[in-house]
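Residue numbers (the numbering used here): 6 to 566.
The beta-carbon is built from N, C-alpha and C at its ideal position, and this holds for glycine as well.
Since the model is a prediction, treat every value here as computed from it, not as a measurement.
This report concerns only the one structure given below.
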Amino acid sequence: MRETTTRSNIQIRRVITTLATIAMAATCSSPRCDEPTNWPVFTDITESAGIKFKHSLGDFEMSNIVEATGPGSCVFDYDNDGFMDIYFVNGRWHPDVNDNRGRSLKGKLKNALYHNNGNGTFTDVTDKAGVAGYEDSYGMAASAADYDNDGDLDLFVCNYGRCILYRNNGDGTFTDVTEKAGLTSPGWSLAAPWLDYNGDGLLDLFVVHYLEYDKGAFQRTGAYYKADNFPGPLSYPGLPDHLYRNNGDGTFTDVTKEVGLWEPTGRGMGAVACDIDCDGDMDIYVTNDAMSNNLWINDGTGKFKDMAAETGTAFGEGGQGVSSMGPFVADLDRNGLLDLLVPDMGYSCLLLQINKAVFVDVTTQSGVALLCGQYTGWGGLLNDYDNDGYVDLFIANGDPHHLYVEEAVIARWNGKDRFIDMARKSGGFFDSKHVGRGAAFADFDNDGDIDILVNALNEPPHLLRNDGGNRLNWLKVVPLRADTGAIAIGATVTVKANGMTMIQPVIGVNGYLTCSDPRPNFGLGKAAKAELVEIVWPNRQKTVLNDVQANQILKITQGKQ
Numbered sequence: 006m007r008e009t010t011t012r013s014n015i016q017i018r019r020v021i022t023t024l025a026t027i028a029m030a031a032t033c034s035s036p037r038c039d040e041p042t043n044w045p046v047f048t049d050i051t052e053s054a055g056i057k058f059k060h061s062l063g064d065f066e067m068s069n070i071v072e073a074t075g076p077g078s079c080v081f082d083y084d085n086d087g088f089m090d091i092y093f094v095n096g097r098w099h100p101d102v103n104d105n106r107g108r109s110l111k112g113k114l115k116n117a118l119y120h121n122n123g124n125g126t127f128t129d130v131t132d133k134a135g136v137a138g139y140e141d142s143y144g145m146a147a148s149a150a151d152y153d154n155d156g157d158l159d160l161f162v163c164n165y166g167r168c169i170l171y172r173n174n175g176d177g178t179f180t181d182v183t184e185k186a187g188l189t190s191p192g193w194s195l196a197a198p199w200l201d202y203n204g205d206g207l208l209d210l211f212v213v214h215y216l217e218y219d220k221g222a223f224q225r226t227g228a229y230y231k232a233d234n235f236p237g238p239l240s241y242p243g244l245p246d247h248l249y250r251n252n253g254d255g256t257f258t259d260v261t262k263e264v265g266l267w268e269p270t271g272r273g274m275g276a277v278a279c280d281i282d283c284d285g286d287m288d289i290y291v292t293n294d295a296m297s298n299n300l301w302i303n304d305g306t307g308k309f310k311d312m313a314a315e316t317g318t319a320f321g322e323g324g325q326g327v328s329s330m331g332p333f334v335a336d337l338d339r340n341g342l343l344d345l346l347v348p349d350m351g352y353s354c355l356l357l358q359i360n361k362a363v364f365v366d367v368t369t370q371s372g373v374a375l376l377c378g379q380y381t382g383w384g385g386l387l388n389d390y391d392n393d394g395y396v397d398l399f400i401a402n403g404d405p406h407h408l409y410v411e412e413a414v415i416a417r418w419n420g421k422d423r424f425i426d427m428a429r430k431s432g433g434f435f436d437s438k439h440v441g442r443g444a445a446f447a448d449f450d451n452d453g454d455i456d457i458l459v460n461a462l463n464e465p466p467h468l469l470r471n472d473g474g475n476r477l478n479w480l481k482v483v484p485l486r487a488d489t490g491a492i493a494i495g496a497t498v499t500v501k502a503n504g505m506t507m508i509q510p511v512i513g514v515n516g517y518l519t520c521s522d523p524r525p526n527f528g529l530g531k532a533a534k535a536e537l538v539e540i541v542w543p544n545r546q547k548t549v550l551n552d553v554q555a556n557q558i559l560k561i562t563q564g565k566q
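This is the structure we're talking about:
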């Protein structure tokens, strides 16, 4: 079943899209738009970095929607040494999910935490840290935030089954506080962005739930005759997402209904939480599978209303409800407003915000449809990989029903109106094929360019080091809270340089099944300094710096500059 808008609405949207395309072509005021780029090569360093983790289905064949959905990962600096570490989630043998033939894997699979040694290598510290996960929960995704305001990042793990909240003890170990905190959030969860929705200085948690899997009952009845594929999402009831308010005492309260977020039929695949409409409070965009998406706009009092239909963010290309994966926000056209990338099983979807909370679909005009049409998109990223000041495109691809491999997509924004395919110039990884799922980004070596971490089904991950992306100038801005020293989730950073104004929100969950490097990284091109750096803090106070030198990691503590 596919949902469509009315014919008149589609016609109106086409007119708006045409106008937006013209506007896109005019946004490039920089003379560098048509100059050749210093495009980097991405080197797969997984093995040389010492990462030995391999994802497992918990079985020997992929036979259902649960096995096909993951995996993801979480990038975070758990020990505050300035280098991004990696937490990988894994499948398990689970009686609801896997065949009896996979029972031999029971007790042999676990999640993994890898410590970044700062020299290009990683060390497996899972057992020491105590974060291997539950034997009765099938891993999907994870996210990190300092929920208890003690200065270090805690870890939340999304599962099919019980979720897990690990509190960081500050000594390299974690304690499972899930039951005490009230965050088991049973069901099947795929994303957990952290946000301060009510402005009380405490990070709350929004948990995205997918669907109610029936333990394979529908497949076993013989009611499903399509031999090539297992049942899809419309064969199962949806589940509501949940917002948990941080009480400030180590516990959380489910406030989903009282704040207006109750949607019992959702099939959430991902969510991003940030100030989407630029009014100073946190909004939530939820992408759903085989149904319309939700744009939950915060009214400033901590109440939400779904404005997806009114804003043009409910549907995909041509007004159709498609298999939306995790959303990614970035300012593509440098107009000071956040745009949305939503990979899917068709052409994917690129939505430009042309006015506050007004979006238009430019999937075709931007070249995204041409790049993605032959693939099945999952983990999408918009980062400036060559530091020319414009964000570029990456999408991990893979078959949804079989372990059939596909190439990843990588493309450079030309500074005017479209993405240019760069796969053949980006290294050997892009000549290989994988069953891609989640994708995360981080500057793992702190050299000023953005690296990529790709998660794949039933195989090792792929850590792609960006080689050459720092030939142009860059600036990494790290806004820190004055009370805890932790990164200020919910802040927004604006940098002016090279004739452009660039904005990035400070968030962790941005994309499908993953939590990425929260430190905003700005490409400055040939500019030796940023003319202006502005931070709007979560409490709406501002910090402004002028003439900031390029090629540095700039840490700014609120109230101390």
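Rounded C-alpha distance that separates residue i from residue j
i      : j      : result
Ala335 : Ala278 : 12 Å
Ser148 : Phe81  : 8 Å
Ile91  : Asn460 : 12 Å
Tyr83  : Thr499 : 26 Å
His553 : Glu539 : Residue 553 is actually Val in this sequence, not His. Each residue's Cα considered, the two are about 11 Å apart.
Ser329 : Gly305 : 28 Å
Ala313 : Lys111 : 43 Å
Ser179 : Leu208 : The identity of residue 179 in the sequence shown is Phe, whereas the question assumes Ser. Approximately 19 Å, taken between the alpha carbons.
Lys481 : Ala447 : 11 Å
Asp205 : Ser53  : 44 Å
Asn478 : Pro269 : 47 Å
Leu559 : Pro238 : 45 Å
His247 : Gly275 : 13 Å
Val514 : Val396 : 18 Å
Thr316 : Ala362 : 6 Å
Ile492 : Ala535 : 21 Å
Arg417 : Tyr380 : 18 Å
Thr189 : Tyr241 : 22 Å
Nonlocal neighbours in the same chain, by C-beta distance under 8 Å from residue i, ignoring five residues either side
i      : result
Met287 : Leu200, Asp201, Tyr202, Ala278, Cys279, Asp280, Asn303 and Gly495
Other residues of its chain near residue i: CB distance less than 7 Å, five sequence neighbours each side excluded
i      : result
Asn252 : Thr258
Asn475 : Asn392, Asp452, Gly453 and Asp454
Cβ-based neighbour list, residue i, same chain, cut-off 6 Å, excluding 5 preceding and 5 following
i      : result
Gly372 : Arg423 and Phe424
Ile400 : Pro348, Gly382, Gly385 and Val414
Val71  : Val102, Tyr165 and Tyr218
Pro525 : Val482, Val498 and Gln509
Thr519 : Gly77, Ser78, Gly443 and Ala445
Gly123 : Phe88
Test: residue i CB closer than 7 Å to a CB of chain C
i      : result
Ser353 : Among the chains in the structure shown there is no chain C, since it carries only a single protein chain.
According to DSSP, residues forming a beta bridge with residue i
i      : result
Leu529 : According to DSSP, Leu529 bridges with nothing at all.
Cys79  : Tyr92 and Cys520
Val511 : Paired residues: none, contrary to the question.
Pro484 : Ile561
Leu586 : Past the boundaries of the shown model lies residue 586; the chain is included only from 6 to 566, so the question cannot be answered.
Residue of the options minimising C-alpha distance to residue i
i      : options                           : result
Trp44  : Asn503, Asn388 and Gly441         : Asn388
Val182 : Gln509, Val136 and Ala535         : Val136
Trp301 : Met274, Gly265, Gly331 and Val213 : Gly265
Asn105 : Ala197, Glu66 and Asp522          : Glu66
Val94  : Gly490, Leu195 and Arg524         : Leu195
His467 : Ala444, Arg339 and Thr126         : Ala444
Lys133 : Val291, Asn173, Ser68 and Asn503  : Asn173
Arg225 : Asp49, Asn69, Met89 and Tyr143    : Asn69
Leu398 : Ser437, Leu345, Phe449 and Leu216 : Leu345
Gln509 : His407, Leu458 and Phe333         : Phe333
Cys283 : Gly275, Arg545, Lys310 and Gly317 : Arg545
Val162 : Leu408, Ala487, Glu536 and Leu210 : Leu210
Leu529 : Pro100, Pro523 and Leu537         : Leu537
Val1   : Ala555, Gln557, Gly564 and Asn556 : One cannot answer for residue 1 here, as it falls past the ends of the chain, which runs 6 to 566.
Gly394 : Thr519, Ser142 and Ala532         : Ala532
Asp294 : Gly341, Thr256, Thr261 and Ser353 : Ser353
Tyr143 : Glu184, Pro100, Tyr152 and Leu160 : Pro100
Phe47  : Asp488, Asp472 and Lys115         : Asp472
Asp155 : Asn85, Leu376 and Leu356          : Asn85
Which runs of the beta strand (DSSP E) fall wholly inside the segment 314-377 and span at least 3 residues, in chain order? 333-335, 344-347, 354-360 and 363-366
Could you pull out every unbroken alpha helix (DSSP H) segment of at least 4 residues lying fully inside the segment 156-236, listed in chain order? 183-186 and 222-225
Could you give the uninterrupted runs of the beta strand (DSSP E) lying entirely in the segment 224-303, keeping only those of 3 residues or more? 247-251, 257-259, 273-279, 288-293 and 299-303
Sequence ranges, beta strand (DSSP E) only - wholly within the segment 94-159, length at least 3: With a minimum length of 3 residues, the continuous beta strand (DSSP E) runs that stay inside the segment 94-159 are 117-121, 127-129 and 143-150.
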